[in-house]
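**Student:** The structure under discussion is supplied below as structure tokens; questions concerning it will follow.
See below:
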């Protein structure tokens, strides 16, 4: 199924959010040929791809070079977050750029980042990653007094480091969350999040005794995949259908979710169903913990559920649906900050209001 | 064997027997003890900071184990550890200039490195960044170094001459001791700093409710009285220790209109109250507080009637631990004699009569945990000094301060001593 993932410039199927296509490719049940594909993608050396592209592009200041292709190359790695892929893609824009002044480079980057952002408006971390990088390029005092070439190499170096940070971030988050997982606790998990998996894996490695309840995660059944992974770690796991959350909440000690994006209010945007789980947890006085890397902090301030770019995703009901019946295909919802207890980020354990403080300070 | 052993043992014994009471006194004594530990510790030529850190840490572990519920001890130990690291970094940076000079004179060891001064500077930068709170901004401006900050400390200046080393060791010690002195001064003056805030919170003819006795609250109310004149104070006695009686006496002595009520009367009286001000034992990382027993009830009453529940606490009470941490969930059980006179009930509490455990038990816990939702404001002393009086919503406030505190402590990610 992953092989059908379109890598063309245009989103071939506007009915399905590109973001979720990537997720499906990364997180769906692993088939052997998909694995081979992913291996090939990882094995390919990034430098080659860049030089191929730029040589094909000719002299016209990297016009032939497509940032989106580059991004798609990076995106194929299942362990690489989208934001990091975006930053690496932007870095290769710098590398292949023939600009001679900072201003030129900035404009070029702006164009590239805009095209990346508009290519997939549904991916929040992609947008957030582009914004973060652009902010670094345009607003950093560190670059002001250097000559152009050293500034350029500095930018490249920074982009490289970002990749490492993203990998380290998960480890840090897993470490921070350990003291919150106590022996004998029951954790409810919704959706498949690499960070949450890392958290649970670390806890299992630390010989903690805990039980996990996984929601099914309709329609793409991400919960099945997570329960699969947890079973491999010998963690006791129980699957729930999505509607059994309130029923099981009394045996739950804490709710752990990942996030597609963390927004300025301190709330999160995550897979459909997170909001209702948070509501149930709040009404039963259970803590809701969010694990999210700091590059998912986005400059968005959704006022309600509909105040977002909708990310759509097909839903298979198993039976044909009459054409007169409308289907809600939105893939995610917004959970306001008052329903969250803590966010575990690589910046520390933050309460939602600190997150908004952090974001406001950064873009002030 | 270091000479400070005796001092440490003495203080540990005091903590064990609960001879030291009150977070402020404990914090002060801890800081003083650590000051003598620092001054008595013999320092080798290399790695002074790490030796110092190691000795302070081992003393700290003992102190914390002696009385785990007195969180101020741990807080002060973390502060001192931070002070040592900070001073070490600042010495390292100031040495950068010296290094630069010595390259010109052609020192071999240093010339191995292409650019020693910038190397030292970058190390200093790394340390500095590891000392301050991680933030998105820092992530962008100064991404965490790829090379893990290996523990070099002042050993970076190995090539200095002998007497230089000597002065250096004295320098580090001297700076650290100076900084601890400032810390002790801060602890001493925290009540007055907090009292400065009083004017902003208490107004003419208001009715204030407080619970038990806290020196911080006493100073706070006294300061308010000097400026605002007339307001009324209700004092819940805070059974079983009834420290509220003492506070009532002190306040009445100052000419403040005070009324003593029983703890059970809090709900009955709360509708007449404009503001609840209390002192607490410790403030946790999530903004919840550990307070004398009975406080949760007061907080609930205030919450129910939408009356601001204000907590005053010196910065030494802010603790980077979460209330589910093992050390914190421990409550202290005090002697039952505070509740019951033994003579009257001895028949039911005697193990020698009857079989098995006696039928009558007395539980006398010392602390309550008040969750952060019930705390409307936290006033502490740290920002007044920076002339930056932050009075934001409690959650943001505390977690910001705690974020700062956490970084004041260890490197940002391990908050345990």
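Protein chains in written order, with this note's numbering: chain Y, 2 to 365; chain V, 11 to 427.
For glycine and all other residues, C-beta sits at the position ideal for the given N, C-alpha and C.
In this text, all values refer to a predicted model and were calculated from it rather than measured experimentally.
#1: Got a sec? Which residues, its chain only, sit under 8 Å from residue 229(V) by beta carbon, not counting five neighbours each side?
#2: Using beta carbons (cut-off 8 Å, strictly below), is residue 329(Y) in contact with chain V?
#3: Can you give me the Cβ contacts of residue 309(V) inside the same chain, cut-off strictly under 6 Å, excluding the 5 residues immediately before and after it?
#4: Identify the continuous alpha helix (DSSP H) that holds residue 255(V) and give its terminal residues.
#5: So what does DSSP say about residue 329(V), is it helix, strand or coil?
#6: Output, in sequence order along the chain, the residues in the stretch 300 to 332 of chain V whose CB is closer than 8 Å to any CB in chain Y.
#7: Do residue 279(Y) and residue 341(Y) come within 8 Å of each other at the CB atom, strictly closer than that value?
#8: Determine the closest residue to residue 234(Y) out of 241(Y), 250(Y), 300(Y), 199(Y), with distance taken between C-alpha atoms.
#9: If you drop the 5 nearest sequence neighbours on each side, which residues of the same chain put their C-beta closer than 6 Å to that of residue 277(V)?
#10: So, with DSSP's three-state summary, where would you put residue 49(V)?
#11: Run through the stretch 220 to 258 of chain Y for me and flag every whole beta strand (DSSP E) of 3 or more residues, listed as ranges in chain order.
#12: Within this structure, are the beta carbons of residue 256(Y) and residue 231(Y) separated by less than 8 Å?
#13: Using a Cβ-Cβ cut-off of less than 8 Å, give me the residues of the stretch 180 to 201 of chain Y that come near chain V, in sequence order.
#14: Can you pull the chain Y neighbours of residue 428(V), defined as C-beta to C-beta under 7 Å?
#15: Considering only the beta carbon of each residue, do residue 334(V) and residue 85(V) sit closer than 8 Å?
#16: Would you call the CB atoms of residue 190(V) and residue 41(V) closer than 8 Å?
#17: Excluding the five sequence neighbours on either side, which residues of its own chain have a C-beta within less than 7 Å of the C-beta of residue 227(V), listed in chain order?
#18: Name, please, each residue of chain Y whose Cβ falls closer than 9 Å to the Cβ of residue 334(V).
#19: Quick check on the DSSP output: the beta strand (DSSP E) that includes residue 289(V) runs from which residue to which?
#20: State the DSSP-derived secondary structure class of residue 245(V), mapped to helix, strand or coil.
#21: Got a sec, what are the start and stop residues for the beta strand (DSSP E) residue 334(Y) sits in?
#22: Measuring only the C-alpha atoms, how far is residue 368(V) from residue 36(V)?
#23: Quick one: grab the DSSP three-state call for residue 134(Y).
#24: Exposed or buried, which one is residue 218(V) when buried takes at least 16 other CB atoms within 10 Å?
#25: Kindly indicate which three-state DSSP category residue 324(Y) falls into: helix, strand or coil?
#26: Distance, Cα to Cα, residue 243(Y) vs residue 333(Y)?
#27: For a test of the three-state rule: what should DSSP assign to residue 379(V), helix, strand or coil?
#28: Using the beta-carbon count (16 or more within 10 Å), is residue 102(Y) buried or exposed?
#29: Once you ignore the five residues that flank residue 351(Y) on each side, which residues in its own chain have a CB closer than 6 Å to its CB?
#30: Give the single residue among 124(Y), 196(Y), 132(Y) whose Cα lies nearest to the Cα of residue 262(Y).
#31: Going by other Cβ atoms of all chains shown within 10 Å of its Cβ, with 16 needed for buried, is residue 305(Y) buried or exposed?
#32: How is residue 280(V) classed by DSSP in three states: helix, strand or coil?
#33: Could you give the residue range of the beta strand (DSSP E) that holds residue 272(Y)?
**Tutor:** A quick look at the data gives this:
#1: Hits under 8 Å: 201, 202, 204, 205.
#2: No, residue 329(Y) lies away from the interface with chain V (no Cβ there is under 8 Å from its Cβ).
#3: If we look at residue 309(V) and ignore the five residues flanking it on each side, its Cβ neighbours are 319, 380, 384.
#4: Here the alpha helix (DSSP H) through residue 255(V) covers 253 to 263.
#5: In the structure shown, residue 329(V) sits in coil (DSSP, three-state: anything other than H, G, I, E or B).
#6: Residues passing the 8 Å Cβ filter: 332.
#7: In this structure, residue 341(Y) lies near residue 279(Y), with their beta-carbon atoms less than 8 Å apart.
#8: It is 199(Y) whose Cα lies nearest to the Cα of residue 234(Y).
#9: Once the five neighbours on either side are set aside, the close Cβ partners of residue 277(V) are 311.
#10: Secondary structure at residue 49(V): helix, using DSSP grouped into helix, strand and coil.
#11: Qualifying beta strand (DSSP E) stretches, in chain order: 238 to 241, 255 to 258.
#12: Contact: no.
#13: Listed by position, the residues of the stretch 180 to 201 of chain Y near chain V (Cβ gap below 8 Å) are 180, 181, 183.
#14: The question about residue 428(V) has no answer, for chain V in this structure spans 11 to 427.
#15: No, these two residues do not count as a Cβ contact at 8 Å.
#16: The answer is yes: Cβ separation under 8 Å.
#17: Cβ within range, chain order: 220, 287, 288, 289, 322.
#18: Simply 180, 181, 183.
#19: Note, residue 289(V): beta strand (DSSP E), 285 to 289.
#20: Strand, per DSSP.
#21: Annotation: the continuous beta strand (DSSP E) that includes residue 334(Y) extends over 333 to 336.
#22: Rounded to the nearest angstrom, the two C-alpha atoms are 37 Å apart.
#23: Residue state, collapsed to three classes: helix.
#24: Burial state of residue 218(V) is buried, judged by a 10 Å Cβ sphere holding 16 or more other Cβ atoms.
#25: In the structure shown, residue 324(Y) adopts coil according to DSSP, grouped into three states.
#26: Roughly 14 Å between the two C-alpha positions.
#27: The DSSP-derived three-state label of residue 379(V) is strand.
#28: By the 10 Å Cβ count, residue 102(Y) comes out exposed.
#29: So the list reads 344, once near-sequence residues are dropped.
#30: Per the C-alpha coordinates, the member of 124(Y), 196(Y), 132(Y) positioned closest to residue 262(Y) is 124(Y).
#31: That one is exposed.
#32: Note: residue 280(V) maps to helix in three-state DSSP.
#33: Element bounds for residue 272(Y): 269 to 272.
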